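Before any comments, here is the structure.
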Ligand SMILES: [Zn+2]
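Residue numbers (our numbering): 8 to 674.
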């Protein structure tokens, strides 16, 4: 649901209808605020649903007038007004999603409960609008040479979205697709709930949540207990009780296979990969198997280091003779190796990474690289005036780029984790005026940050820069609206600067004003390579397992355990390591949108490290010329060009995993 624009008549009549009613709904007015920031203080929970209703009506009117236009379809009379349609909805959704994640209340929960089905139904109505599809298909199949590249990309994205919903299929198959989608929705939800129940059972049994599992496995000395925890953790969804997911996995895969075949693909992976940067199963399979080979080689070295420490425990009489490293020993002995080899005490680094200093660090890096300036704004509307800070972002010439808001502190009404959010996209409006984005970075951070959290702040700001520096025309391709296996490239790329000595010298100071010592910096950089054989192996193994499931063309006669065993054997997994997720609790791929997509984390990291290696090879990671080229090639372009073309434009070659493997210490 993106931007919009309003046939002027529809807007005026909406506004007119509202005149005279007690309080004007803020979403139905022009926002006469600084920089068009939403008037958060004027918005009440009761405003959302009426505004969504008005927004749906507005967009329906707009789409009707596109579809009923007697002129033959063109980009300007069809795709453009569609891109600019739904202005009210964009405003509502931008604000609502933001506050629901950061300041949820029971009232907002019930708003969401009503809003989601309304919005889903509205989106479905658009994606199954035959008249709209036919106009877009006509433009798509006509000569496109008069269109700009960005227009071609918008058109392609719109056309493919329709096609992938099956709108071009015969009625009977469309009806079957709808049945499949409904059945799948029920089954994936059930599978996800089962994982939740099983994870709760795990917590009840061991007193720790599944998210604390790695930590518990690291610190629990009792070997038998570690074994029990590992077995319970990896058997979730596989216990023959009411929460068993085995049959559900088979049912879901059967539906996905049927759907892929109806859509004309050999298997679900082929269907799911087509709109991604990686594009096909051969590419992803080859990509993963190269990484797997390097990761397992390194993991074997890590086992060797750990076995030496285990042998010391055997000699000390703590373990029986002949004990070997088993999967439940990995975290525990890895930590011992870490202490011995890397000796990084985060209590010593934390004083140098005060949150406000790290924020200073991300701003200095962006200024040095891209000439971006941040100016703190007072007295602008804000959704949480006590805890968020708002900045005006300008480029080196003083041009306005957008609004950036930080919201890093934890509070009980905020969901966990860290993320970037677009309250407003960047685009050129119906009057030809540039609309600049409003971007939020959210976290749950304490006063002093761990190494991991420092990376998180740089990561989310990388997404923010992608959102802020964009120079596109159309909202559906601007900013971070890029292919899913491409979007993390820019957040991860920004992490490369976090621990560069020249930058640390400018931001990593303690209360006494002393800069972090070089010796600690070296330890930080070494520790980032720690245990990467294991980490990469389990991540890559889960990615391969995901691919193998989705490359199936039939699930007849498939036994989950036998299938997993076969896949693990073929990928060369060593017995000390399992995939990060086993099938019956692999929520990402069976219940949350990463189907044949889990490889994306590794894919984006390979791109990010490869791009960064070009900066390193220049002899100066702060190379201004390269940074400008990076900004112009990637950050300004959003999804207005194919990612691989952008990559080649920047690197003058295809991507290569060498820098990734070196960065993880695997080569
Ligand atoms: Zn990210």
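We put the beta carbon where it would ideally sit given N, CA and C, even for glycine.
It should be emphasised that the depicted structure is a prediction, and the values quoted were computed from it without experimental measurement.
Margin query: Please tell me whether residue 471 and residue 427 are closer than 7 Å, where the distance is taken between their beta carbons.
Written below: Taking the first residue of the chain shown as 1, we reach residue 471 at position 464. Taking the first residue of the chain shown as 1, we reach residue 427 at position 420. Taking 7 Å as the cut-off, the Cβ atoms of residue 471 and residue 427 count as close.
Check: Are residue 61 and residue 95 closer than 7 Å when you measure CB to CB?
Finding: Within the chain shown, the letter at position 54 stands for residue 61. Within the chain shown, the letter at position 88 stands for residue 95. Closer than 7 Å, so yes.
Next item on the list: State the DSSP-derived secondary structure class of residue 43, mapped to helix, strand or coil.
Entry: Here residue 43 refers to the residue found at position 36 of the chain shown. In this structure, residue 43 counts as helix in the three-state DSSP scheme.
Next item on the list: Quick one: grab the DSSP three-state call for residue 414.
Entry: Looking up residue 414 in the chain shown gives position 407. Reduced to three states, the DSSP call for residue 414 is strand.
Next item on the list: Take residue 481 and list the residues in its own chain whose beta-carbon comes closer than 7 Å to its own, dropping the five residues that flank it on each side.
Entry: Position 474 of the chain shown, counted from the start, is the residue given in the question as residue 481. Same-chain partners within the cutoff: 90, 157, 161, 434.
Item checked: Spatial neighbours of residue 630 in its chain, beta-carbon cut-off 7 Å, leaving aside the 5 residues before and after -> For this step, residue 630 is matched to residue 623 along the chain shown. For residue 630, where only same-chain residues beyond five positions count, the Cβ hits under 7 Å are 622.
Next item on the list: Name the two residues that bound the continuous beta strand (DSSP E) containing residue 431.
Entry: Against the chain shown, residue 431 aligns to sequence position 424. From DSSP, the beta strand (DSSP E) with residue 431 extends over 426 to 431.
Next item on the list: Could you name the residues of the same chain whose beta carbon sits closer than 6 Å to that of residue 520, not counting the 5 residues immediately before and after it, in chain order?
Entry: Looking up residue 520 in the chain shown gives position 513. Cβ within range, chain order: n/a, list empty.
Item checked: Of the listed residues 637, 405, 322, nearest to residue 473 (C-alpha basis) -> Residue numbering aside, residue 473 sits at position 466 when the chain shown is read from its first letter. Of the candidates 637, 405, 322, 637 places its Cα closest to the Cα of residue 473.
Check: Got a sec? Which residues, its chain only, sit under 7 Å from residue 338 by beta carbon, not counting five neighbours each side?
Finding: Here residue 338 corresponds to residue number 331 of the chain shown, with the count starting at 1. These residues qualify, in order along the chain: 221, 224, 225.
Check: Helix or strand or just coil, what does DSSP make of residue 91?
Finding: Here residue 91 refers to the residue found at position 84 of the chain shown. Three-state DSSP puts residue 91 in coil, outside helix and strand.
Check: DSSP three-state call for residue 199: helix, strand or coil?
Finding: For the purposes of this step, residue 199 is taken as residue 192 along the chain shown, with counting starting at 1. The answer is helix: DSSP assigns residue 199 an H, G or I state.
Notebook entry, point to check: How is residue 434 classed by DSSP in three states: helix, strand or coil?
Noted result: In the chain shown, the residue the question calls residue 434 occupies position 427. Note: residue 434 maps to strand in three-state DSSP.
Next item on the list: Let me know the secondary structure DSSP gives residue 324 once reduced to three states.
Entry: Looking up residue 324 in the chain shown gives position 317. In this structure, DSSP gives residue 324 a state outside helix and strand, which the three-state scheme calls coil.
Next item on the list: Return the chain-ordered ranges of every alpha helix (DSSP H) run that is complete within the segment 320 to 403 and spans a minimum of 4 residues.
Entry: 337 to 348, 353 to 356, 362 to 377
Next item on the list: Compare the C-alpha of residue 458 against each of 529, 409, 575, 494 and name the closest.
Entry: If you number the chain shown from 1, residue 458 lands on position 451. It is 529 whose Cα lies nearest to the Cα of residue 458.
Margin query: Tell me which residues share the same chain as residue 662 and place their Cβ nearer than 7 Å to its Cβ, disregarding the 5 neighbours each side in the sequence.
Written below: Along the chain shown, one-based indexing puts residue 662 at 655. So the list reads 613, 614, 617, 654, once near-sequence residues are dropped.
Notebook entry, point to check: Along the chain, where does the alpha helix (DSSP H) that runs through residue 217 open and close?
Noted result: For the purposes of this step, residue 217 is taken as the residue at position 210 of the chain shown. Where residue 217 is concerned, there is no enclosing alpha helix (DSSP H), given that its DSSP letter is neither H nor E.
Note to self: Please report the straight-line C-alpha distance between residue 47 and residue 204, rounded to a whole angstrom.
What the structure shows: Taking the chain shown and counting its residues from 1, one reaches residue 47 at position 40. Taking the chain shown and counting its residues from 1, one reaches residue 204 at position 197. Linking residue 47 to residue 204 through their CA atoms gives a straight-line distance of about 37 Å.
Notebook entry, point to check: CB residue 284 to CB residue 490, shorter than 7 Å?
Noted result: Position 277 of the chain shown, counting from 1, holds the residue named residue 284. Position 483 of the chain shown, counting from 1, holds the residue named residue 490. Yes, the Cβ-Cβ distance between residue 284 and residue 490 is below 7 Å.
Note to self: Once DSSP output is grouped into helix, strand and coil, what is the label at residue 501?
What the structure shows: If you number the chain shown from 1, residue 501 lands on position 494. Residue 501: helix per DSSP, three-state reduction.
Next item on the list: Let me know if residue 359 comes out buried or exposed under the rule of 16 or more other beta-carbons within 10 Å of its beta-carbon.
Entry: Locating residue 359 in the chain shown gives position 352, counting from the first residue. Answer is buried; the Cβ neighbour count reaches 16.
Next item on the list: For residue 105, I'd like the list of residues in its chain whose CB is within less than 8 Å of its CB, leaving aside the five on either flank, ordered along the chain.
Entry: Indexing the chain shown from 1 puts residue 105 at position 98. Cβ neighbours of residue 105 beyond the five flanking positions: 390, 428, 430, 447.
Next item on the list: Within the segment 431 to 483, note down every full beta strand (DSSP E) run reaching 3 residues or more, in order along the chain.
Entry: 445 to 449
Margin query: Quick test of your reading: residue 511 and residue 452, contact by CB under 8 Å. State the CB separation rounded to the nearest angstrom.
Written below: Residue mapping note: residue 511 aligns to position 504 of the chain shown, counting from 1. Residue mapping note: residue 452 aligns to position 445 of the chain shown, counting from 1. That pair is no contact at about 18 Å.
Note to self: Pairs of beta-carbons, one from the segment 590 to 597 and one from the segment 245 to 263, closer than 8 Å: are there three or more?
What the structure shows: yes
Notebook entry, point to check: With distances taken from CA atoms, which of 314, 64, 364, 525 is nearest residue 460?
Noted result: Numbered from its first residue, the chain shown carries residue 460 at position 453. When each option's Cα is compared against that of residue 460, the closest is 364.
Note to self: Closer than 8 Å is the cut-off here; do at least three beta carbon pairs connect the segment 206 to 214 with the segment 235 to 249?
What the structure shows: yes
Checklist line | Beta-carbon proximity of residue 558 to residue 288, cut-off 7 Å | finding: Along the chain shown, read from residue 1 onward, the residue named residue 558 stands at position 551. Along the chain shown, read from residue 1 onward, the residue named residue 288 stands at position 281. Closer than 7 Å, so yes.
Next item on the list: Can you have a look at residue 23 and say buried or exposed, based on whether 16 or more other CB atoms are within 10 angstroms of its CB?
Entry: Translated into positions along the chain shown, residue 23 becomes position 16. With a pLDDT of 40 at residue 23, under the threshold of 50, the modelled position of that residue is not reliable, and the figure given next carries that caveat. Classification for residue 23: exposed.
Note to self: What would DSSP say about residue 559, mapped onto helix, strand or coil?
What the structure shows: The residue you call residue 559 lines up with position 552 of the chain shown. Coil at residue 559, not helix or strand.
Checklist line | Three-state secondary structure assigned by DSSP to residue 28 | finding: As a position in the chain shown, residue 28 is number 21, starting the count at 1. Confidence is the limiting factor: at residue 28 the pLDDT is only 46, short of 50, which leaves the residue's position unreliable and the question unanswerable from this model.
Next item on the list: Report the three-state DSSP secondary structure of residue 658 (helix, strand or coil).
Entry: Here residue 658 refers to the residue found at position 651 when the chain shown is read from its first residue. Three-state result, residue 658: helix.
Check: Does the segment 167 to 181 come close enough to the segment 135 to 143 that 3 or more CB-CB pairs lie under 8 Å?
Finding: These segments touch.
Next item on the list: Determine the extent of the alpha helix (DSSP H) in which residue 152 is found, giving its start and end residues.
Entry: Working through the chain shown from its first residue, we reach residue 152 at position 145. Residue 152 -> no alpha helix (DSSP H), and no H or E assigned at all.
Checklist line | Spatial distance of residue 103 from residue 578 (CA atoms) | finding: The count along the chain shown starts at 1 and reaches residue 103 at position 96. The count along the chain shown starts at 1 and reaches residue 578 at position 571. Rounded to whole angstroms, residue 103 to residue 578 spans 44 Å at the Cα level.
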